[in-house]
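Undergrad:
Numbering (the UniProt record's numbering), first residue to last: 1 to 297.
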């Protein structure tokens with residue numbers, strides 16, 4: 001279904017609007033993209049290029065680590081312990097590693113080599129302890145996100161990941177820091193905008209209930225209106241239909257006038273919002289309740 005829809009979008013873009021789509025932003029599933037390439041909607045002169053949604057690439061870290069942990073529940077590592085448990089590869093540590101990966105990608109969109117270096121730095125940073133600091137790849141200077149690099153003398157490490165676990169998960173980080181993959185993330189975009197619009201459509205027309213084409217179409221129209229201009233746009237629709245809304249309706253629609261497209265755009269790669277606390281950056285990632293501020297890149 002998704003493949004058929006994508007093919008129709010690409011094929012009719014030139015016929016109906018004289019438009020050729022040069023890129024396709026995807027979520028890692030190559031089936032749809034491969035079908036488009038095979039169909040050649042614009043001939044040989046324009047083959048769309050596949051881009052990766054950086055949000056989905058980031059989520060691969062968590063899904064791959066959780067899959068590894070689940071598949072090796074009874075495995076004993078070199079220190080005689082398993083992957084999971086206190087001080088090991090907990091769900092919290094997996095979230096930390098996933099967050100670091102996303103930040104490494106988002107903050108180095110113009111430099112794939114530095115992006116890969118930052119990804120590897122995050123792994124060794126989380127693995128570090130007071131007895132075995134591993135910050136050789138972390139950035140230097142007082143503005144570094146690495147607390148150890150800012151103040152080596154007073155810095156106290158949190159519970160690091162044991163070396164035997166690092167060796168077990170390192171292949172995942174090596175694979176997810178390959179230049180071929182990271183090069184597809186330099187655009188910095190996500191599918192948040194699309195997913196937001198899809199959510200608005202299916203909120204109005206749940207997939208669990210069978211409806212006819214007209215209902216789906218109307219739900220889509222209403223979702224697009226809400227997405228583009230917010231609830232306040234419905235007042236204009238009422239006006240065009242010569243319907244006078246009650247005072248409570250008008251007040252509610254006016255107060256809820258924020259568009260969903262603006263909210264979703266805050267999380268796209270062109271305007272990446274990264275939670276960043278000036279001096280306790282890593283404390284936030286590790287779960288501390290530090291004050292956070294927004295930094296726009």
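Using N, Cα and C, we set each Cβ at its ideal position, and we do this for glycine too.
1) Curious, which full-length alpha helix (DSSP H) runs of at least 4 residues does the segment 176-218 contain?
2) Looking at the structure shown, is residue 49 part of a helix, part of a strand, or coil, going by DSSP?
3) Leaving out five residues on either side along the sequence, give the residues of the same chain with a beta carbon under 6 Å from the beta carbon of residue 51.
4) Bridge partners of residue 25, per DSSP?
5) Can you find at least 3 beta carbon pairs, one from the segment 193-207 and one from the segment 218-232, that sit closer than 8 Å?
6) For residue 191, does the count of other Cβ atoms within 10 angstroms reach 16, so buried, or fall short, so exposed?
7) Use the C-beta contact count for residue 63: other C-beta atoms within 10 angstroms, 16 or more gives buried, fewer gives exposed.
8) According to DSSP, is residue 253 helix, strand or coil?
9) For residue 125, report the span of its alpha helix (DSSP H) as first-last.
10) Could you round the C-beta distance between residue 89 and residue 165 to whole angstroms and report it? I think they count as a contact, below 8 Å.
11) Please tell me whether residue 149 and residue 136 are closer than 8 Å, where the distance is taken between their beta carbons.
12) Check whether the Cβ atoms of residue 231 and residue 253 sit closer than 8 Å, and answer yes or no.
13) Leaving out the 5 sequence neighbours to the left and right, which residues in its chain are closer than 7 Å to residue 79 when beta-carbon positions are compared?
14) Just curious, the alpha helix (DSSP H) that residue 102 is in, first and last residue?
15) Where residue 44 and residue 119 are concerned, what is the direct C-alpha to C-alpha distance, given to the nearest angstrom?
16) Taking the alpha-carbon of residue 153 as reference, which of 65, 130, 81, 106 has the nearest alpha-carbon?
17) Work out the CA separation of residue 171 and residue 220 for me, nearest whole Å.
18) Can you tell me whether DSSP reads residue 33 as helix, strand or coil?
19) Assuming residue 154 is part of the alpha helix (DSSP H), what are its boundary residues?
20) Report all residues from its chain with a CB closer than 8 Å to the CB of residue 128; omit the five preceding and five following residues, and keep chain order.
21) By DSSP, does residue 164 sit in helix, in strand, or in coil?
TA: So, from the data block:
1) 179-182, 192-204
2) strand
3) 23, 25, 184, 187
4) 51
5) yes
6) buried
7) exposed
8) helix
9) 112-127
10) 5 Å
11) no
12) yes
13) 162, 164
14) 91-106
15) 37 Å
16) 130
17) 44 Å
18) helix
19) Residue 154 -> no alpha helix (DSSP H), and no H or E assigned at all.
20) 134, 135, 148, 157, 160
21) helix
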